[in-house]
Amino acid sequence: MRQEDVGGVGARLTMKGRRTVPLLLLLGQLVAALEVPLDLQEGLPQPPTITSQSPKDHIIDPRENIEIRCEAKGKPHPSFSWTIDGADFKIEEHPNIIMRPNSGTLEVDISQRRAESFEGVYQCTAENKHGKAVSDNIVVRQSRSPLWSKEKLKPIVVREGVSLVLPCEPPAGLPPPLIFWMDNNFQRLPQSKRVSQSLNGDLYFSNVRREDSRNDYICYARFPGTQTIQQKQPINVKVLNLDSINDTMAAFYNDTDLFSEAPADERMPSFLIPKGRHSSKVVLRGHKLDMECIAEGRPTPEISWTKDGSDLPAGRTSFLQFNKTLQIDDVSDSEEGVYRCTASNKFGSVHHTFHVTVKAAPYWISGPPSNLVLSPGENGVLTCRASGKPKPLITWTKNVMPIETGLEDDTMKVEDDMIIFRDVKTSNSAVYQCNVSNEFGYLLANAFVNVLSEPPRVLTPVNKKYEVIRNHRALLDCSFFGSPIPNITWFKDSRSSTLDGDSYSLHDNGTLEIRISRPRDSGKYTCVARNILGISENHVFLEVKEPTQILKQPEYRMIKRGGPVTFECKVKHDSSLIPTMTWLKDDEELPEDDRFTVEPESLTITDVMDSDAGMYTCIINTTLDHVSASAELTVVDTTPPPAVVHERPDPPTDLELTDQTKRSVVLTWIPGNEYNSPIKKFLIQYEDSLHHRGHWHNLTHVPGTRTSANLKLSPHVHYTFRVLALNNVGWSQPSTPSQMYKTDPAAPDENPTGVQGLGTEPNNLIISWKPLTRLQSNGPGLQYKVMYREKKPGSEWITTNVANNSRFVVSGTSTFAPYELKVQAVNNYGEGPEPAVVVGHSGEDVPKSAPTELRISAHNSTAAEVQWKTVSNDSIRGFLKGYKVHYWREHGIHRHHPDRVEKILTFSGNRSHAVLPGLHPFSDYSFYVRVFNGRGEGPPSTTKHFSTPEGVPGPPTSLVVSNPNLDSLTLQWSPPYDPNGHITGYTLKYQPAMVSRQVDIATQGWFIGLMCAIALLILILLIICFIQRNKGGKYPVKEKEDAHTDPEFQPMRDDDCPFGEYSDSEDHKPLKGSRTPSNGTVKRDDSDDSLVDYSEGGDRQFNEDGSFIGQYSGKTTSRDTAAAEGPQSSEAPSPINAIHSLNSFV
């Protein structure tokens, strides 16, 4: 008998008992299985099996040809037939319907007829001479995407603050359409806690605002079956307050009711959906549960959800549409109960309760029934274990024909959800159908019983040759099949005796294992399979090969730069194996360089460079094994002193085991050649050929002066030892291994460490530990004795044994309960020491209680202290992490804040108070508190409201200066954006100040005049100094006349000048740098350095001492006067003249 998922090869336990064996005993003995190898399935008789079919609800696209799938396998290949709406369907009578060759799949051509004419309930039957299998009832329906009905939508005019519902009412489609709201630009309309879409597609406004006015509210429906999108006519919404209504409504909406009321006041919530205070819902197990609460009110209500008597399921609960929809995925029976949604704002709250009932369409408890492959005379059971709510009805059919209770034959009996077979015959081969149904659906499963009588077959290839290295494990295959399951025996060479004993092990699948292969194990092996129907045998051959060994390993070399070096690597191998040698440098391939030459047993490097230094490894591979050895190359500048040669030591020799006990042995050896470098220490390694063959582990090391070591050993280990020596150059090669030393098994010496208990779910406890290694197990059959009990008086220890695992899950625990835990190592030879007790906890759950007695006190206008009563330890149900304070600003006294921004402050530990910083003065706030643990947050406390006192107002948003006059100006300002209280007045401060604007004084008139006056004074001083220097000198007239060559020069008359001894022309002699014309007049030079630039005209005169005669005369016009008579310049006011400001303003 087997509960079958075909594949693989296995042994069986045959049970042939009397027919009066009790049912429980019968079921307990049906544990073996007959498995059909994959390569034999095609050749053995087999009833039909449905392998592929269309879904039960098959929705088709009306634009494409229809495919109704039905595939099956069997031996011989099955034929197919169909029924439609319960009547036989003759495909040959429908030219536009064909069935695929060697298949039951129908292909319908809809080019001649509409797709809807092929709607109906289809069922496929696959049949061969061993039975009939049927598909599910496949309901074929055409996908539909109807258009919206044409309608003229009147504009909707509402007053500000009221609620509003925009209906979508899409046409019914198959499958149902997906609904979304967009505008004329195909942009999704923004949704929020105030505006959201309901499950039926309508758009709900908890309260409307002026900005909700728009003429393009468009509902779209996307039909997934046809991939089409339909849209409703745009809806025009106008939100008006009283003033807007009086000004605009009469002109534009003559046929619409007008509103004369003011905008709607703030009010407590009320539900738009659902209606009433109670409602009920029925949901199917495994489906989604959707509950929806949409409320209207002002300010916008907050929605919260609770379940009476328990918490919402973690991991499967979602809050959608801004908390208005509660969705629970994969509903189970535990979701049945009463749910409550609460809508609240600062004016109050309302509730609605949902009474949820969970029903269930039929579902498999342990999967559908499995196929049975039995041998004649065996017993078996087909099980159709299913459940549902209400309890489903189970019916059985055989080859689609009903099995009537009481009319079965002696080999078969129907017992509710089971068919019991006893002493089966080939006539029991058939396909059995299990139909499980209730009012919410059905399950249909096919399971065949195949009674086979097959003589033994050995499936391993004939004369297969196996090769193995000496002292390694050999596995000789003997794959087989037969019904009844054959018995397998092995022979070597002659059939004088079967192979058994410690050297051999026979696996259930027929494989013969030789634990340690030796040369004498080579030869011919025979596998024999027998059952009552016959015998089959097969021969295989085993060849034991000699291992590959390195006879001469590469040695450490120190080479002068530019010289050659050769590494030797000589090996010994089995003559029938072909070795390949590979050289590596520093574990990488050799560089592609002509200086490297690889010979069959050596590597030569010529013209050695510094970059050639490194570790060189030779690797010898055969088809069965590989070995390797390494040596280091050092490149030096000069040849080392020849007097001393330092090399790695030779490996120790003559290893011997003495003083052997159960837990220790003394290992002795003889050191090898030190090569002028004393041995520093010896490393002792061991190989465990029982558990980890081929791997050497470090055991201990001893100083280089010792040649023996007392080794502490573990039980149940097959030890082989080797020794390595270390000097200043490096490690020697390993010594030749010692003889094997086997220790006897024993009970464990230690228990696992790292024992802890933590839960991942509220009702479980996971006990975990760090498992022991094979070396620590001390013997075969390692298990862990897990002991646990709840930490409370009177609790008893519960014990279970766990093998091949390092954790154990305890289900059905209390939430976050302390448990005492012990884990003890056990093997076939006894128990480990008494384990220590560790305390763990079962899984946490979210806290079930909320903080109470909330109090609030304002420290000032921007901070408030919150206090609460902490939650009891019992209701935390986990490790307390802390408390979270959720708070938000409802609105300022003078300003409405429509969408709250919730802030969360987290406080670790068992806190009972907190300070809320950064509050807005003169504002209304709400807050609630949650406790949280490692699982999550608990329910919220009641929401409390408080107001912050007035605070310092913000600055005016603007200040404008206008109408400036000599003695007055006008100031205008706007109120502050944050008044933070009632504004009682404004204070205006001012003070005298320098001109606030920056000017370039170098361009101002007053500055230029000042600079010119200073320059003029300096010039006058220079002229006075010049005249003073020349004062008192005599100028003879005769000399002057002789020196003067001007023909127009005429002597001065005595009456022309009172000073006869001075010439007037001499007084008009120009200064250096000037030019004198022939007429004797002085003209202005172009040079900026001329003193004429500083005169006020040509009639200036000098007096006797050289000063200006006209300086104090009335003929001279001063520069100041000339400047005053000239055009008035635009000057900046002098910094000396201050502008007086206003004295006060209130």
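Position 505 (the sequence shown) corresponds to 503 in the numbering used here; numbering is contiguous.
Glycine included, every Cβ here is placed at the ideal spot set by N, Cα and C.
Expressed to the nearest angstrom, what Euclidean distance is found between the alpha-carbon atoms of residue i and residue j?
{"i": "P735", "j": "T381", "result": "59 Å"}
{"i": "E65", "j": "I467", "result": "59 Å"}
{"i": "Q754", "j": "H285", "result": "37 Å"}
{"i": "P45", "j": "W179", "result": "55 Å"}
{"i": "T224", "j": "D210", "result": "34 Å"}
{"i": "H839", "j": "E544", "result": "58 Å"}
{"i": "I417", "j": "Q781", "result": "38 Å"}
{"i": "Q774", "j": "D747", "result": "8 Å"}
{"i": "F806", "j": "V800", "result": "7 Å"}
{"i": "T304", "j": "R275", "result": "15 Å"}
{"i": "L681", "j": "D608", "result": "32 Å"}
{"i": "P973", "j": "S966", "result": "23 Å"}
{"i": "S812", "j": "G313", "result": "19 Å"}
{"i": "Q731", "j": "V456", "result": "48 Å"}
{"i": "C476", "j": "K463", "result": "13 Å"}
{"i": "S515", "j": "G757", "result": "49 Å"}
{"i": "K740", "j": "D652", "result": "20 Å"}
{"i": "L964", "j": "I1016", "result": "39 Å"}
{"i": "I483", "j": "D648", "result": "59 Å"}
{"i": "N94", "j": "V163", "result": "50 Å"}
{"i": "S939", "j": "P750", "result": "45 Å"}
{"i": "N397", "j": "H75", "result": "16 Å"}
{"i": "S831", "j": "G880", "result": "A quick correction: the sequence has Pro, not Ser, at residue 831. Taking the straight line joining both Cα atoms gives about 41 Å."}
{"i": "C122", "j": "G129", "result": "14 Å"}
Apart from the five residues just before and just after residue i, which ones in its own chain have a Cβ nearer than 6 Å to its Cβ?
{"i": "S859", "result": "P919, T946, P947, G949"}
{"i": "P60", "result": "A113, Q140"}
{"i": "V625", "result": "T546, I548, I618"}
{"i": "K191", "result": "T298, F320"}
{"i": "P1215", "result": "There is no way to answer for residue 1215, as the model of the chain reaches only from -1 to 1144."}
Out of the options, which one is the CA nearest neighbour of residue i?
{"i": "D107", "options": "F116, L709, S79, L42", "result": "F116"}
{"i": "V700", "options": "Q229, H889, I854, A723", "result": "A723"}
{"i": "G480", "options": "Y523, S503, L504, I530", "result": "I530"}
{"i": "E586", "options": "R559, T615, R593", "result": "T615"}
{"i": "R142", "options": "N100, N126, T226", "result": "T226"}
{"i": "L391", "options": "S573, L442, L655, G346", "result": "L442"}
{"i": "V821", "options": "T797, H56, T395, E842", "result": "T797"}
{"i": "R909", "options": "G102, E900, F930, Y554", "result": "F930"}
Sorted by chain position, which residues of the same chain lie with C-beta nearer than 7 Å to residue i's C-beta, five sequence neighbours on each side aside?
{"i": "S873", "result": "P845, K846, S847"}
{"i": "K423", "result": "P374, T409, V449"}
{"i": "G810", "result": "N761"}
{"i": "S196", "result": "Y202, I271, E290, I292"}
{"i": "S268", "result": "A293, E294, G295, V348"}
{"i": "A861", "result": "V913, L914, P915, L917"}
So, for residue i: in the same chain, excluding its five sequence neighbours on each side, which residues have a beta-carbon less than 8 Å away from its beta-carbon?
{"i": "D742", "result": "K660, P713, H714"}
{"i": "A263", "result": "Looking at the sequence itself, residue 263 is Asp, so the reference to Ala does not match. Contacts found: G159, R296."}
Answer yes or no: the CB of residue i versus the heavy atoms of the ligand MN, is any distance below 6 Å?
{"i": "R112", "result": "Within the structure as shown, the ligand MN is missing, as the structure has no ligands at all."}
I'd like to confirm the pairing. Which residues does DSSP put opposite residue i in its beta bridges?
{"i": "V721", "result": "I682"}
{"i": "R805", "result": "S766"}
{"i": "T47", "result": "K71"}
{"i": "S133", "result": "Bridge partners of S133: none, in fact."}
{"i": "K55", "result": "The sequence as given places Asp at residue 55; Lys does not occur at that position. In the DSSP output, where bridge partners are listed per residue, D55 has V137."}
{"i": "D86", "result": "T81"}
Notebook entry, point to check: Using 8 Å as the Cβ pair cut-off and three pairs as the minimum, do the region 444 to 459 and the region 426 to 433 touch?
Noted result: yes
Check: Given 8 Å as the limit, is there contact between the region 491 to 501 and the region 558 to 568, that is, 3 or more CB pairs closer than that?
Finding: no
Checklist line | Segment contact flag, the region 924 to 939 with the region 300 to 312, C-beta cutoff 8 Å, min 3 pairs | finding: yes
Checklist line | Segment contact flag, the region 662 to 670 with the region 699 to 708, C-beta cutoff 8 Å, min 3 pairs | finding: yes
Next item on the list: Evaluate contact between the region 173 to 189 and the region 271 to 283, counting only Cβ atoms and requiring at least three cross-stretch pairs below 8 Å.
Entry: no
Note to self: Taking 8 Å as the cut-off, does the region 864 to 884 touch the region 952 to 969 (at least 3 CB pairs, one atom from each stretch)?
What the structure shows: no
Next item on the list: Give a yes or no on contact between the region 351 to 359 and the region 319 to 334, applying the rule of three or more CB pairs nearer than 8 Å.
Entry: yes
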